[in-house]
Amino acid sequence: MAPVRAAETDGAVGARIRAARRAAGLTQQDLAAAVQVSRQTVIAMETGDYAPSVYLALKVAQRLGVTVEDLWGHGEGAPPTPGTPL
Numbered sequence: 001m002a003p004v005r006a007a008e009t010d011g012a013v014g015a016r017i018r019a020a021r022r023a024a025g026l027t028q029q030d031l032a033a034a035v036q037v038s039r040q041t042v043i044a045m046e047t048g049d050y051a052p053s054v055y056l057a058l059k060v061a062q063r064l065g066v067t068v069e070d071l072w073g074h075g076e077g078a079p080p081t082p083g084t085p086l
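Here the sequence shown is numbered in UniProt numbering, starting from 1 and rising by one per residue.
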């Protein structure tokens with residue numbers, strides 16, 4: 001199995017952020033205002049061009065009503081979360 005490239009992972013995270021934002025009925029500007037960043041920062045997160053700090057990741061997840069794990073996941077090859085059925 002080939003390793004997952006960072007760009008592929010970042011793109012997948014960005015797609016999950018975008019999907020969660022849309023599911024929450026928020027625009028990029030709405031999310032930006034809620035977490036106190038620029039709209040350009042939200043765009044960069046959604047395109048995988050910017051990896052937010054842990055603090056910002058927590059704020060984004062909280063505002064979207066999801067967990068950080070929902071957005072960032074564990075990636076291919078990572079150990080399963082304890083208590084998760086295999």
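Backbone N, C-alpha and C fix where the C-beta goes; we use that ideal spot for every residue, glycine too.
Nonlocal neighbours in the same chain, by C-beta distance under 7 Å from residue i, ignoring five residues either side
i   : result
P79 : Caution is warranted here: a pLDDT of 46 is assigned to P79, below 50, making its placement in the model unreliable, and no coordinate value can be reported.
L58 : V68
A15 : none
A32 : S38, R39, T41, V42
A2  : Low confidence applies here, because A2 scores a pLDDT of 46, under 50, leaving its location unreliable; read the following figure in that light. Result list for A2: empty, nothing under 7 Å.
Q29 : R39
E46 : G14, I17, R18
Per-residue burial, residue i [other beta carbons within 10 Å of its own, 16 or more giving buried]
i   : result
T41 : buried
A61 : buried
V13 : buried
Beta-carbon proximity of residue i to residue j, cut-off 8 Å
i   : j   : result
L56 : I17 : no
D10 : A51 : yes
V66 : A20 : yes
A34 : R63 : yes
Residues near residue i in its chain [Cβ-Cβ closer than 8 Å; skip 5 each side]
i   : result
G73 : A12, V13, R16
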